[in-house]
Amino acid sequence: ATVTLDPAAAHPQILVSADGRTARRRDAPPAPLPSGSERFECLRCILGRQGFAAGRHRRAVEVRPGADWALGVAREFVSRK
Numbered sequence: 001a002t003v004t005l006d007p008a009a010a011h012p013q014i015l016v017s018a019d020g021r022t023a024r025r026r027d028a029p030p031a032p033l034p035s036g037s038e039r040f041e042c043l044r045c046i047l048g049r050q051g052f053a054a055g056r057h058r059r060a061v062e063v064r065p066g067a068d069w070a071l072g073v074a075r076e077f078v079s080r081k
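Note that full-length UniProt numbering gives residue 23 to position 23 of the sequence shown, counting from 1, and the numbers run on in steps of one.
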């Protein structure tokens with residue numbers, strides 16, 4: 001299944017495409033974004049809109065040169081502040 005990224009959870013320095021399929025680091029400081037319980041504020045993180053509770057899952061990820069990236073799995077209620 002395709003993962004759709006959740007812009008409401010994205011750190012302010014992460015720009016999510018309109019279709020939610022790609023994300024990139026913003027080159028310029030972002031305009032003020034609404035702070036919410038879903039948004040990451042300390043770590044440059046983003047979550048997918050879809051979650052899962054069990055099973056085996058795999059993803060293919062394209063990472064372009066020039067930035068450090070990490071891919072992982074987080075619990076739904078991970079600290080975001």
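Cβ coordinates follow ideal geometry from the N, Cα and C atoms, glycine included.
**Request:** Take Ala74 and list the residues in its own chain whose beta-carbon comes closer than 7 Å to its own, dropping the five residues that flank it on each side.
**Result:** Leu47
**Message:** Here's a check: name, in chain order, each residue in its chain whose Cβ is nearer than 6 Å to the Cβ of Asp6, leaving out the five neighbours to either side.
**Reply:** Leu47, Arg49
**Asked** For the candidate residues Arg44, Val61, Leu43, whose alpha-carbon lies nearest to that of Thr22?
**Response** Cα-wise, what sits closest to Thr22 is Val61.
**N- and C-terminal bounds of the beta strand (DSSP E) containing Pro14** = What sits at residue 14 in the sequence shown is Ile, not Pro. Looking at the DSSP string, the run of the beta strand (DSSP E) that includes Ile14 is 14–16.
**Burial state of Phe40, where buried means 16 or more other Cβ atoms lie within 10 Å** = buried
**Message:** What does DSSP give as the partner residue(s) for Ala60 in the beta ladder?
**Reply:** Bridge partners of Ala60: none, in fact.
**Message:** For Ala23, list the residues DSSP reports as bridge partners.
**Reply:** Val16
**Prompt:** Can you tell me whether DSSP reads Leu5 as helix, strand or coil?
**Reply:** strand
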